[in-house]
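The structure appears below as structure tokens.
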Amino acid sequence: MSEHTVKRTGRTRWFISSLLSSMIILNYFDRVAVSVAAPAIQDAFHLTGTELGIVFSIYTYSYTIMQIPAGSLLDRFGVAWVTRVGMVIWSLLTMSMAFLQGKLLLYIVRFLIGIMSASAFPAASKATSLWFPPNERSLPNSLFDSAAKFSNVLGAPLVAFLITKFDWRTAFLSIGMINVLFTLLFWFYYEKPEKHRRISDDELKYIQENNLNANDEQTSKFLHTLKVLFTNRKVWGLMIGFTGYGYTFNLLLTWLPTFLKEKYGMDIMSSGLLTAVPWLIATFAGILVGGWLVDYLIKKGYNSQKVYRTIIVVGLCLGFVFLGSIFTNSVVVAMICISIGLAGISATAPIGWSISAEIAPAGSISLLSSIVNLANNLFGGIIATALTGYLLDKTGSFNLSFIVAGIVLLLGLIFYIYVLGDIKQIKIPKKQSTK
């Protein structure tokens, strides 16, 4: 059977892609809920702006700390079991948010949820690299990456409705119950290609013959691999480059509803609905540009490195447009600026995951993806969210916080262009390999 026919008839890998995207949506529902419910949570627990920043960032502390351990566990035990266990516990913790009393318990539960959800993005990245050959990997990468944006489109109005109709505790209880139902679906459907019950022989053959990552067994010791990665120029170029996107992304993910409330006096329902607009645009930008267009151009014969670099440069440059939102008193103009900026940076994110899979040493895709995500969440999650709360308390506006995000965006662009270098697999010295 020809490759073309197998591509047309083999659909299991696309069901897997949909499953991974759904997992990311639900993983982000929790963060969206905290963002939209922030004013209500702030009132319920009598939090200052700095303390609200801690609620946002403490999740990211544990999430970030767990990135390398999660990546190691995924490379060692596989996506299926690590993700199943993580989803069961994070679903129960999300439901427990509905019953919390006191700041300390709020901080503790947010910290634990971060630990248990840390494997989601590295798992999606690894699973995609196992199920898809490089020439069609950008689209599924864009689907799970854009799912993080689309979670705002679905989650922000849903949480806003639940809070307005009931209260913020009901919103978390509902999301936790949805997570439990999805966990059951993932538990029974996900496996890697050679173990999957529903994959056809032709599709499995196509994946194995065209995918260098089909064999995901570790070939070197963990600590030595970690040392090689952290001393490699390409890894640092990708880490800081991806952070240029991640800082602005995380700032808007956590603070956009509060920004609309503080600057334009919007209520929770209005800010929740309006927040969905730029995230919907960003979702389409990630899928159509960072996903479909990249795969289309590569299949047409264009050099993949030139395609990656062109979209990264154009996308990150468009990202600066979001700064226009702090120089206008029109909410319409502000949302247009934020939508353009968020769409630009979102188009670059799937490429970051594709590059990670292409340069990762054999058997270390999850580990490298986790390192990239660690940097992204260290600067984008922890620093962006906490620093924004601090600067809001000190200055009374979001202006300085947005300017800082613009500086980080410029730094990411510089690292992508001048530090990353050629996109080719990093090799581990054979003398350090395990027998």
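Yeah, the sequence shown ends on 437 if you go by my numbering, and it's all consecutive. Heads up, the beta-carbon is just placed ideally off N, CA and C, and yes, glycines get one too.
Whole-angstrom distance between residue j and residue i, CA atom to CA atom
| i | j | result |
| --- | --- | --- |
| H226 | T330 | 51 Å |
| V316 | G292 | 11 Å |
| Q61 | I43 | First, the residue type needs correcting, since residue 61 is Tyr and not Gln in the sequence shown. C-alpha separation (whole angstroms): 15 Å. |
| L394 | L376 | 25 Å |
| L228 | V111 | 30 Å |
| P352 | Y392 | 31 Å |
| L412 | L318 | 8 Å |
| Y418 | F190 | 39 Å |
| S20 | E264 | 37 Å |
| F2 | Q103 | Residue 2 falls outside the range modelled here, since the chain spans only 3 to 437, and no answer is possible. |
| S366 | G408 | 32 Å |
| G80 | Y266 | 47 Å |
| I405 | V334 | 20 Å |
| P41 | N305 | 48 Å |
| G423 | G414 | 14 Å |
| F381 | S59 | 11 Å |
| I313 | N212 | 25 Å |
| Y192 | L231 | 29 Å |
| F286 | D297 | 15 Å |
| K207 | A125 | 23 Å |
| D77 | G88 | 15 Å |
| Y179 | L114 | Before going on, a small fix: residue 179 reads as Met here, not Tyr. Going by the C-alpha atoms only, they are around 18 Å apart. |
| W133 | Y247 | 26 Å |
| L107 | I91 | 17 Å |
| K437 | A82 | Note that K437 scores a pLDDT of 38, beneath 50, so its modelled location is shaky; the value from the coordinates is reported in the next line. In a straight line, the C-alpha of K437 is about 26 Å away from that of A82. |
| V8 | Q210 | Its pLDDT being 44, under 50, V8 is placed unreliably in this model, and the value from its coordinates should be taken loosely. Taking the straight line joining both Cα atoms gives about 12 Å. |
Beta-carbon spacing of residue i, residue j below 9 Å
| i | j | result |
| --- | --- | --- |
| V410 | A386 | yes |
| M25 | T96 | no |
| S356 | P136 | yes |
| S74 | S368 | yes |
| K236 | I416 | no |
| L282 | F152 | yes |
| I165 | M271 | yes |
| L253 | T52 | no |
| G157 | I328 | no |
| I300 | P363 | no |
| S372 | Q69 | yes |
| A122 | I18 | no |
| S98 | V182 | no |
| Y420 | G239 | yes |
| Y30 | G116 | no |
| A458 | V161 | Residue 458 lies beyond the range of the chain shown here (3 to 437); nothing can be said about it. |
Simplified DSSP state of residue i, which is helix, strand or coil
| i | result |
| --- | --- |
| R112 | helix |
| F168 | coil |
| A362 | coil |
| Q427 | coil |
| T250 | helix |
| S449 | What is shown of the chain runs 3 to 437, which leaves residue 449 out entirely. |
| K207 | helix |
| I201 | coil |
| Y418 | helix |
| D269 | coil |
| L76 | helix |
| N137 | helix |
| S332 | coil |
| Q103 | coil |
| H226 | helix |
| S372 | helix |
| A377 | helix |
| E264 | helix |
| L299 | helix |
| K9 | With a pLDDT of only 47 at K9, under 50, the local geometry of the prediction cannot be trusted, and no value is derived from it. |
| Y30 | helix |
| G398 | coil |
| K194 | coil |
| T185 | helix |
Candidates the options, of which the one nearest residue i by Cα
| i | options | result |
| --- | --- | --- |
| L320 | S306, R200, T250 | T250 |
| F155 | N375, P124, P259, L175 | Before going further, note that residue 155 is Val rather than Phe in the sequence given. Selected option, being the one with the closest Cα: P259. |
| G243 | S140, W133, S399, S358 | S358 |
| I384 | V57, A46, I91, R13 | V57 |
| R199 | R15, A336, L107 | R15 |
| K309 | V374, T277, I425 | The sequence given here has Val at residue 309, not Lys. Ranking V374, T277, I425 by Cα distance to V309 puts I425 first. |
| F469 | Q210, N401, L141 | What the structure shows of the chain is the stretch from 3 to 437, and residue 469 is not part of that stretch, so it cannot be assessed. |
| G354 | L187, N143, F286, T233 | N143 |
| W374 | I67, H48, Y30 | Looking at the sequence provided, one finds Val at residue 374 rather than Trp. Cα-wise, what sits closest to V374 is I67. |
| W294 | S140, W83, A39, G12 | S140 |
| T245 | F224, T397, N378 | N378 |
| F47 | T185, T256, F101 | F101 |
Residue i Cβ short of 8 Å to the ligand PLP heavy atom set
| i | result |
| --- | --- |
| M118 | Because no ligand of any kind appears in the structure shown, any question about the ligand PLP cannot be addressed here. |
### Task
Could you tell me whether the region 316-328 touches the region 340-352, where touching means 3 or more Cβ pairs closer than 8 Å?
yes
### Query
Can at least three beta-carbon pairs, one atom from the region 345-360 and one from the region 145-155, be found at a separation below 8 Å?
yes
### Query
With a cut-off of 8 Å, do at least 3 Cβ pairs link the region 33-50 to the region 165-177?
yes
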